[in-house]
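Here is the structure we will look at, set down as structure tokens.
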Amino acid sequence: MSAIPAPMIPLTNGTRGETVNIPQLGFGTYKVPPADTQRIVEEALEVGYRHIDTAEMYGNEAGVGKAIASAGIPRDQLFITSKLNNAFHDPKAAHKAFDDTMTALGIDVLDLFLVHWPMAKTTSLEATWTAMVDILGSGRVRAVGVSNYQPDHLRTIINATGVTPAVNQIEVHPYLTQEPLRELDKELGIVTEAWSPLARGVVLSDPTIDRIAGELSRTASQVVLRWHIQRGDVVFPKSMHRARMEENAKIFDFELTDGQMAEITALNRNERQGSHPDEVQGVK
Ligand SMILES: NC(=O)c1ccc[n+]([C@@H]2O[C@H](COP(=O)([O-])OP(=O)(O)OC[C@H]3O[C@@H](n4cnc5c(N)ncnc54)[C@H](OP(=O)(O)O)[C@@H]3O)[C@@H](O)[C@H]2O)c1
864 MSAIPAPMIP LTNGTRGETV NIPQLGFGTY KVPPADTQRI VEEALEVGYR
914 HIDTAEMYGN EAGVGKAIAS AGIPRDQLFI TSKLNNAFHD PKAAHKAFDD
964 TMTALGIDVL DLFLVHWPMA KTTSLEATWT AMVDILGSGR VRAVGVSNYQ
1014 PDHLRTIINA TGVTPAVNQI EVHPYLTQEP LRELDKELGI VTEAWSPLAR
1064 GVVLSDPTID RIAGELSRTA SQVVLRWHIQ RGDVVFPKSM HRARMEENAK
1114 IFDFELTDGQ MAEITALNRN ERQGSHPDEV QGVK
């Protein structure tokens, strides 16, 4: 199947001077078991996804690499993200972890490498970010960014290095709309990536979302993903089912009205599905 017609969002920070374009819709791989990853990612690529989000923490980078190799899609038409795991924040360990990620993926150049979680209690944020900037300078990654960073974390690394992350990947969905942090990202020129965009399925039975889906003859998942797209965030829903991969990709032929957008945004309860960054930062 041809590529999903997802808009491309330019990353201008955390690159080596070039603009790096990221497809606004990608495919997530958290909890995709290593043994199934090659098959599942091959299916996602067949459906038309061209942006894959993985991490050393997920244990499935090698499966992603095998799927990329077998799919036969030109490398420059794919966008691959991976992440630095929590135990490797020391600069020397970070360089080795990046090498290991590249070996597991089997590629020469990665598109985006992120610090997975801020680990301020174990390693200075500045030291880890300086290592990320050095990795960017090596030419083996096109852009570097962070994940789960709070305002003080962002300010600390930008002040220390003068290099602003390309993206901040944070939990965002209708029950956790993250307005202040998204605003700060925007102000700093950082693209927000919304992880768990479907709140791991929890928002799909919300009555308001269900009613809007009925009004538009769409599914709840399509309505939620469309809400993210119209807010300008990058998303990568995960699914083990091909029919859902296809469903989640059909979101570029309809629009939510301003009223529907506002109704969904008003569902915010500041309710997380995953950890708060403050709970993670000392835990390896
Ligand atoms: N940076 C971080 O710290 C961080 C943390 C968490 C996630 N992430 C990234 O974000 C990606 C997405 O987040 P996520 O995987 O946590 O959650 P998610 O994408 O919000 O939700 C995935 C769940 O929703 C179900 N689902 C997917 N499409 C559906 C549909 N159309 N209808 C009904 N159910 C559907 C999936 O079930 P099936 O698989 O059974 O279809 C799965 O249980 C991850 O895979 C990962 O790449 C990053």
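Offset between the sequence shown (1-based) and this note's numbering: plus 863. Quick reminder that beta carbons are idealized off the backbone N, C-alpha and C, glycines included.
Reference residue i, options the options, closest by Cα
i            : options                   : result
residue 1029 : 974, 985 and 990          : 974
residue 875  : 884, 1088 and 1046        : 884
residue 1032 : 981, 1023 and 999         : 981
residue 915  : 894, 1045, 930 and 942    : 942
residue 903  : 918, 886 and 923          : 923
residue 989  : 1026, 1134, 967 and 895   : 1026
residue 1065 : 1056, 1095 and 1130       : 1130
residue 1038 : 1022, 870, 1068 and 1117  : 1068
residue 1126 : 1090, 1138, 1108 and 1133 : 1090
C-beta contact flag for residue i and residue j at 8 Å
i            : j            : result
residue 991  : residue 957  : yes
residue 931  : residue 867  : no
residue 979  : residue 1010 : yes
residue 1112 : residue 893  : no
residue 886  : residue 869  : yes
residue 1101 : residue 910  : no
Backbone CA spacing between residue i and residue j [nearest angstrom]
i            : j            : result
residue 953  : residue 984  : 12 Å
residue 1034 : residue 1059 : 6 Å
residue 1119 : residue 1093 : 8 Å
residue 1040 : residue 920  : 25 Å
residue 1146 : residue 1115 : Because the pLDDT of residue 1146 is 49, which lies under 50, any placement of that residue in the model is unreliable, and the number read from its coordinates should be weighed accordingly. Going from the Cα of residue 1146 to the Cα of residue 1115 covers about 40 Å.
residue 945  : residue 1098 : 15 Å
residue 1105 : residue 1081 : 17 Å
residue 1085 : residue 1072 : 10 Å
residue 1005 : residue 961  : 13 Å
residue 937  : residue 888  : 18 Å
residue 1136 : residue 1076 : 23 Å
residue 967  : residue 899  : 16 Å
Run of the beta strand (DSSP E) containing residue i, from where it starts to where it stops
i            : result
residue 1055 : 1054-1058
residue 888  : Unbroken run through residue 888: none, as it is neither H nor E.
residue 916  : 914-916
residue 1005 : 1004-1010
residue 871  : 871-874
residue 943  : 942-947
Range covered by the alpha helix (DSSP H) that runs through residue i
i            : result
residue 907  : 897-910
residue 931  : 924-934
residue 1109 : 1105-1112
Any non-hydrogen atom of ligand 1 within 7 Å of residue i CB
i            : result
residue 1062 : yes
residue 887  : no
residue 893  : yes
residue 1101 : yes
residue 1019 : no
residue 1137 : yes
residue 939  : no
residue 1111 : yes
residue 825  : Residue 825 lies beyond the residue range present for the chain, which begins at 864 and ends at 1147; the question has no answer from this structure.
residue 1044 : no
residue 1067 : yes
residue 1001 : no
residue 948  : no
Residue-chain proximity (residue i, chain B), Cβ-Cβ < 8 Å
i           : result
residue 867 : Annotation note: the requested chain B is absent from the structure, which comprises a single protein chain.
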